[in-house]
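All remarks here apply to the structure that follows.
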Amino acid sequence: MKIATFNINNINKRLQNLLFWLEKEQPEVVCLQELKTEQRFFPADALRSAGYEAVWVGERSWNGVAILAREQQPILIRSELPGDGNDHQARYAEAAVAGVVIACLYLPNGNPQPGPKFAYKLAWFERLIVHANELMAAGVPVILAGDYNVVPTPQDIYPTRSLDKNALVQPASLEAFERLLRQGWTDALRTLHPSGPLWTFWDYKFERWQADKGMRLDHLLLSPQLAALLVEAGVDRWVRGEDNASDHAPAWIRLKM
DNA sequence: ATGACCGCTGGAAGCGGA
Numbered sequence: 000m001k002i003a004t005f006n007i008n009n010i011n012k013r014l015q016n017l018l019f020w021l022e023k024e025q026p027e028v029v030c031l032q033e034l035k036t037e038q039r040f041f042p043a044d045a046l047r048s049a050g051y052e053a054v055w056v057g058e059r060s061w062n063g064v065a066i067l068a069r070e071q072q073p074i075l076i077r078s079e080l081p082g083d084g085n086d087h088q089a090r091y092a093e094a095a096v097a098g099v100v101i102a103c104l105y106l107p108n109g110n111p112q113p114g115p116k117f118a119y120k121l122a123w124f125e126r127l128i129v130h131a132n133e134l135m136a137a138g139v140p141v142i143l144a145g146d147y148n149v150v151p152t153p154q155d156i157y158p159t160r161s162l163d164k165n166a167l168v169q170p171a172s173l174e175a176f177e178r179l180l181r182q183g184w185t186d187a188l189r190t191l192h193p194s195g196p197l198w199t200f201w202d203y204k205f206e207r208w209q210a211d212k213g214m215r216l217d218h219l220l221l222s223p224q225l226a227a228l229l230v231e232a233g234v235d236r237w238v239r240g241e242d243n244a245s246d247h248a249p250a251w252i253r254l255k256m
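Residue numbering for the first sequence follows numbering that gives the first Met the number 0, starting at 0 and increasing by one per position.
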């Protein structure tokens with residue numbers, strides 16, 4: 000079973016890119032972020048024609064997450080991250096697919112830092128840590144997949160000092176990610192590729208793609224019973240080189256199930 | 001690197017993104 004996470008950066012603007020990738024790579028489950036569309040404009044019919052059922056949480060202009068499943072209907076469990084009844088940004092969806100809990104998340108970027116946006120990022124991260132702990136304690140198979148907006152280690156970014164103040168690389172951001180992992184989650188891509196670049200994002204600016212100066216921001220974390228089934232993982236880099244591409248490429252895993 | 005991108009909003013520049 001192939002499961003992918005992909006920050007699509009506007010699902011309607013990039014629908015043809017998405018459909019082409021789905022046709023070529025045939026993932027069974029897909030977590031999408033940055034739909035940038037309100038709920039009623041999600042392209043459910045086009046995806047169904049391509050063989051995918053979906054659940055989604057839309058918002059005008061920004062954010063937005065979706066979970067797709069090939070030839071089966073994902074069962075929505077929740078559409079908001081618990082812990083703050085005043086936070087309605089469309090950044091979290093959780094669904095059951097084939098007996099696995101799929102959490103699709105879009106963690107706040109947090110720039111500029113310091114400031115209220117960075118505080119929101121860290122607060123959101125704390126809520127995720129609390130909820131992930133509950134999922135772990137429930138003992139069910141879980142995948143936490145999405146755009147974490149965190150560069151986990153120095154080898155997950157091209158050599159530069161120009162981003163030292165960026166929210167993506169702040170010690171507080173990395174420490175929160177570490178604390179999440181220590182609950183017992185497996186960082187699937189890094190586990191199968193322990194060293195070297197595994198970029199999932201290349202900035203549109205400054206010809207970062209052409210120079211292959213990227214970052215690893217998109218992660219799939221596995222609960223222990225799924226980590227034992229992990230057989231393959233990678234990044235579909237070719238997607239970033241297409242016309243009209245998102246600035247992210249899909250990251251994916253294959254589980255023996 | 002006080003950065004050259006991309007797309008949205010609104011109807012012009014300004015913003016969010018990372």
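For glycine and all other residues, C-beta sits at the position ideal for the given N, C-alpha and C.
On a CA-only basis, which of the options is nearest residue i? Give me that one, please.
| i | options | result |
| --- | --- | --- |
| Leu-75 | Val-168, Leu-228, Ala-53, Gly-63 | Ala-53 |
| Asn-132 | Ile-66, Lys-212, Leu-221 | Leu-221 |
| Ala-65 | Ala-92, Val-238, His-218 | Ala-92 |
| His-247 | Gly-145, Leu-254, Ala-175, Val-230 | Gly-145 |
| Thr-190 | Phe-40, Ala-118, Glu-79, Ala-232 | Ala-232 |
| Gly-98 | Pro-73, Tyr-105, Lys-120 | Pro-73 |
| Trp-55 | Arg-215, Gln-32, Pro-153 | Gln-32 |
Tell me which residue opens and which closes the alpha helix (DSSP H) that residue i is part of.
| i | result |
| --- | --- |
| Ala-43 | 43-48 |
| Ala-137 | 115-137 |
| Trp-20 | 14-24 |
| Leu-67 | First-last for Leu-67: 64-69, but that is the beta strand (DSSP E), not the alpha helix (DSSP H). |
Would you kindly work out how many angstroms separate the C-alpha atoms of residue i and residue j, rounded to a whole number?
| i | j | result |
| --- | --- | --- |
| Ile-101 | Leu-134 | 11 Å |
| Trp-251 | Val-234 | 6 Å |
| Glu-206 | Ser-194 | 24 Å |
| Trp-184 | Pro-223 | 7 Å |
| Trp-237 | Glu-24 | 11 Å |
| Val-28 | Val-141 | 13 Å |
| Asp-86 | Asn-6 | 21 Å |
| Arg-181 | Asn-108 | 22 Å |
| Glu-241 | Gln-15 | 11 Å |
So, at 8 Å on beta carbons, what are the nonlocal neighbours of residue i in its own chain, with the 5 sequence-adjacent residues on each side left out?
| i | result |
| --- | --- |
| Gln-112 | Lys-164, Asn-165, Ala-166, Gln-169 |
Taking 7 Å as the limit between beta carbons, can you name the residues of its chain near residue i, skipping five residues before and five after?
| i | result |
| --- | --- |
| Thr-36 | Ile-10, Asn-11, Gly-57, Gly-63 |
Which residues does DSSP pair with residue i in a beta bridge?
| i | result |
| --- | --- |
| Glu-231 | Arg-253 |
| Val-56 | Val-64 |
| Thr-199 | In the DSSP output, where bridge partners are listed per residue, Thr-199 has none listed. |
Would you kindly report the start and end of the unbroken beta strand (DSSP E) that includes residue i?
| i | result |
| --- | --- |
| Thr-4 | 1-6 |
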